[in-house]
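**Student:** Protein chains in written order, with my numbering: chain P, 685 to 814; chain C, 685 to 814; chain V, 685 to 814; chain S, 685 to 814. By construction, the Cβ of each residue, glycine as well, lies at the ideal position given by its N, Cα and C atoms. What follows is a structure written as structure tokens; I'll ask about it next.
4 protein chains.
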Amino acid sequence: MRIDPNSHVPIYLQIADYIREAIAAGVYRPKETLPSLRTLALELVVNPNTVQRAYEELEREHLVRSRKGVGLFVAGEAAESARAKSQAAVREHFVRGIRAGQAARLSPERIRAVFQEAWRDLHAEAEQRT
Amino acid sequence: MRIDPNSHVPIYLQIADYIREAIAAGVYRPKETLPSLRTLALELVVNPNTVQRAYEELEREHLVRSRKGVGLFVAGEAAESARAKSQAAVREHFVRGIRAGQAARLSPERIRAVFQEAWRDLHAEAEQRT
Amino acid sequence: MRIDPNSHVPIYLQIADYIREAIAAGVYRPKETLPSLRTLALELVVNPNTVQRAYEELEREHLVRSRKGVGLFVAGEAAESARAKSQAAVREHFVRGIRAGQAARLSPERIRAVFQEAWRDLHAEAEQRT
Amino acid sequence: MRIDPNSHVPIYLQIADYIREAIAAGVYRPKETLPSLRTLALELVVNPNTVQRAYEELEREHLVRSRKGVGLFVAGEAAESARAKSQAAVREHFVRGIRAGQAARLSPERIRAVFQEAWRDLHAEAEQRT
DNA sequence: GTGGTCTAGACCACT
DNA sequence: GTGGTCTAGACCACT
Chain P
685 MRIDPNSHVP IYLQIADYIR EAIAAGVYRP KETLPSLRTL ALELVVNPNT VQRAYEELER
745 EHLVRSRKGV GLFVAGEAAE SARAKSQAAV REHFVRGIRA GQAARLSPER IRAVFQEAWR
805 DLHAEAEQRT
Chain C
685 MRIDPNSHVP IYLQIADYIR EAIAAGVYRP KETLPSLRTL ALELVVNPNT VQRAYEELER
745 EHLVRSRKGV GLFVAGEAAE SARAKSQAAV REHFVRGIRA GQAARLSPER IRAVFQEAWR
805 DLHAEAEQRT
Chain V
685 MRIDPNSHVP IYLQIADYIR EAIAAGVYRP KETLPSLRTL ALELVVNPNT VQRAYEELER
745 EHLVRSRKGV GLFVAGEAAE SARAKSQAAV REHFVRGIRA GQAARLSPER IRAVFQEAWR
805 DLHAEAEQRT
Chain S
685 MRIDPNSHVP IYLQIADYIR EAIAAGVYRP KETLPSLRTL ALELVVNPNT VQRAYEELER
745 EHLVRSRKGV GLFVAGEAAE SARAKSQAAV REHFVRGIRA GQAARLSPER IRAVFQEAWR
805 DLHAEAEQRT
């Protein structure tokens, strides 16, 4: 994972998004512990406070539960719930893109073509890594 | 246009995006004047300084030219250039959506389905307004 | 003459500089009339008020005298005086350049070389026009 | 450094010029931090916003990088680049001086003499400070 | 009227 | 503490 410090999305939300996606992807499974604040902070080169806020965000979403002195655990039904939330986030990005295209009066065909192109490029990219 | 004061995107960039799209859409044509700082500020209920930052951004992109004491003008080749920039922005949204979907291990079919659904919903919305 | 609307020097001062140089150069001679406000404003594509301010500046410097209902005249000893002032302005530009070079710790040789180069380029330019 | 509030050059550009020269001179070296917005604002007795505009300008020139909550840093290749930009600025001053001299029909010898004289005076000045 | 610059002071995200 | 954004309001040059 890479943090983008120039993004307008606050870093703590970028981290929360990342963990949420990891839970959705099954990287972290229910009842497993998540990386500690300090571990993750070191890895991402951010302040532990920032990671802390990300975890707070996830607790608010009931994806994560903290047990004092023990650590942070993935909640029971978290995977399901995280998948739903991630999917909503994906949709939100698409909606923004389509709206921006409509506002600029790009033709529907053009907008779909832009999507296809992005799709192909990202697919090609993913293939290469394999 | 509506400003979202809670967005992570700064207001001045929201305004710049909006004007860029309007130029791309042909709402403002080359050599025409754009709304004055004060007029637009009143309309959007923001401070004139904030509108000015938006226009500065567009001037840096060579979409707009300012003439002291006269007003702001759409630059010569602005429409073309604005369209290219708006399309790049659309693509960026789509890329973010696709990446987020891949990170959450949504299946390619799922991701495409999310796009189709968003597309249909926004289209239906647009129809209704007609 | 060309006005540079993007210069930080106000337009009225650019105009005053231009007329002062013209008087120093002998383009306008003592007792001759200067172009009228409207004529010059049309030629430079600026507002007559702006030309007016330039003339006021020159009157303050006693290079120009206005006679109501008649026009503006070059003052008696104007050429001499304008030459002195123009020379002071030239010097001021050079001082700024040298100071900026020293601040950036360019070597004295480097600074002189920059001057020589600018000199040659402007000379070549002047030759070509001949 | 001294700000000239009566100059036609906006304060924020005076500050940007000053910092650029300091980077060119090696006063601030790559990866080092620059004075914070508030510190420099206090020192120069200007508003922090004004200092920020200066730093924005330098960031646009890729001489400076900002990290939220951390500080401002001199960019990697900044010294080289700053030196080139400062030299261009020096040249610009000289060009203006030469052009003004030509416009006033000062003889080439006269113009060069003015440069020599300014050079000697500034050198003498520099010596005295030693 | 128009755009450009500046101050004073606030609040936010991040260290 | 740090940088980034925003408001309210002033004054300037120019039309």
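Can you confirm whether Q736 of chain S, when its beta carbon is compared against all beta carbons of chain V, has any partner nearer than 8 Å?
**Tutor:** no
**Student:** Do you know whose CA, among C:P719, C:R744 and C:R783, lies nearest W803 of chain P's CA?
**Tutor:** Between W803 of chain P and the set C:P719, C:R744 and C:R783, the nearest pair of CA atoms involves C:R783.
**Student:** Apart from the five residues on each side of it in sequence, which residues of its chain come closer than 7 Å, Cβ to Cβ, to Q736 of chain S?
**Tutor:** L721
**Student:** If the cut is a Cβ gap below 7 Å, which residues of chain P does I795 of chain C touch?
**Tutor:** V774
**Student:** What residue from P:H692, P:D688, P:R704 and P:I695 has the CA that sits closest to E764 of chain P's CA?
**Tutor:** P:R704
**Student:** Determine, for G785 of chain C, whether the minimum Cβ-Cβ distance to residues of chain P falls below 8 Å.
**Tutor:** yes
**Student:** Looking at the C-beta of A802 of chain S, does it have a partner C-beta in chain V at a distance below 8 Å?
**Tutor:** At a cut-off of 8 Å between beta-carbon atoms, A802 of chain S makes contact with chain V.
**Student:** Secondary structure at T717 of chain C, three-state DSSP: helix, strand or coil?
**Tutor:** DSSP places T717 of chain C in strand when its eight states are reduced to three.
**Student:** Which residue wins for smallest C-alpha separation from R796 of chain S, given the options V:P694, V:S750, V:H777 and V:E727?
**Tutor:** V:H777
**Student:** Relative to the C-alpha of S770 of chain C, which residue among C:D701, C:I695, C:S691 and C:P694 is closest?
**Tutor:** Looking from the CA of S770 of chain C, the closest CA among C:D701, C:I695, C:S691 and C:P694 belongs to C:D701.
**Student:** Assuming contact is defined by CB atoms lying nearer than 8 Å, are L726 of chain S and V779 of chain V in contact in what I supplied?
**Tutor:** no
**Student:** Could you give the distance in angstroms between the alpha-carbon of A708 of chain P and the alpha-carbon of A788 of chain C?
**Tutor:** 5 Å
**Student:** Just to confirm the assignment: which complete beta strand (DSSP E) runs, minimum length 3, are found wholly within the stretch 725-751 of chain S?
**Tutor:** 748-751
**Student:** Please list, in chain order, the chain P residues whose beta carbon lies closer than 9 Å to that of Q812 of chain C.
**Tutor:** Those do not exist, as Q812 of chain C stays about 14 Å from chain P at its closest Cβ, beyond 9 Å.
**Student:** Give a yes or no on whether the minimum CB-CB distance between L756 of chain P and chain C is below 8 Å.
**Tutor:** The beta carbon of L756 of chain P does not come within 8 Å of any beta carbon belonging to chain C, so the residue lies off that interface.
**Student:** Counting contacts by CB-CB distance shorter than 8 Å, is L806 of chain V in contact with chain S?
**Tutor:** yes
**Student:** Beta-carbon within less than 8 Å of V729 of chain S's beta-carbon, same chain only, minus the 5 sequence neighbours each way: which residues are those?
**Tutor:** I687
**Student:** By the criterion of Cβ-Cβ separation under 7 Å, what are the contact partners of P694 of chain P in chain C?
**Tutor:** H692
**Student:** Would you mind stating whether E741 of chain P and Y696 of chain P have Cβ atoms separated by less than 8 Å?
**Tutor:** yes
**Student:** Given this structure, state the Cα-to-Cα distance separating L747 of chain C from S691 of chain S, to the nearest angstrom.
**Tutor:** 30 Å
**Student:** Excluding sequence positions up to five away, which residues of its chain have a Cβ less than 7 Å from the Cβ of A766 of chain V?
**Tutor:** R704, I707, A708 and L747
**Student:** What separation, rounded to the nearest whole angstrom, lies between the Cα atoms of Q698 of chain P and E745 of chain P?
**Tutor:** 15 Å
**Student:** Mind checking A738 of chain V: buried by the 16 CB within 10 Å criterion, or exposed?
**Tutor:** buried
**Student:** Name the two residues that bound the continuous beta strand (DSSP E) containing L756 of chain P.
**Tutor:** Unbroken beta strand (DSSP E) run through L756 of chain P: G755 to V758.
**Student:** Determine, using beta carbons only, whether G781 of chain C and G785 of chain P come nearer to each other than 8 Å.
**Tutor:** no
**Student:** Residues of the stretch 703-720 of chain V in Cβ contact with chain S at a cutoff of 8 Å, in chain order, please.
**Tutor:** R704, E705, A706, A708, A709 and G710
**Student:** Look at the alpha carbon of G755 of chain C and the alpha carbon of V693 of chain S, and state the distance between them as a whole number of angstroms.
**Tutor:** Taking the straight line joining both Cα atoms gives about 22 Å.
**Student:** Report yes or no: is there a C-beta of chain P within less than 8 Å of the C-beta of R789 of chain C?
**Tutor:** yes
**Student:** Nearest by alpha-carbon distance to A810 of chain C: which of P:P792, P:E809 and P:R813 is it?
**Tutor:** P:P792
**Student:** Along the alpha helix (DSSP H) that carries G785 of chain S, what are the first and last residues, could you check?
**Tutor:** A762 to A787
**Student:** On a CA-only basis, which of C:R794, C:A773, C:V798 and C:L790 is nearest L790 of chain P? Give me that one, please.
**Tutor:** C:A773
**Student:** Can a CB atom of chain V be found closer than 8 Å to the CB of I687 of chain S?
**Tutor:** no
**Student:** Straight-line CA distance for E716 of chain V to F757 of chain V?
**Tutor:** 6 Å
**Student:** So is R751 of chain V in contact with chain S if we call contact Cβ pairs under 8 Å?
**Tutor:** The Cβ of R751 of chain V sits no closer than 8 Å to any Cβ of chain S.
**Student:** What's the gap between the Cα of Q812 of chain P and the Cα of A768 of chain P?
**Tutor:** 29 Å
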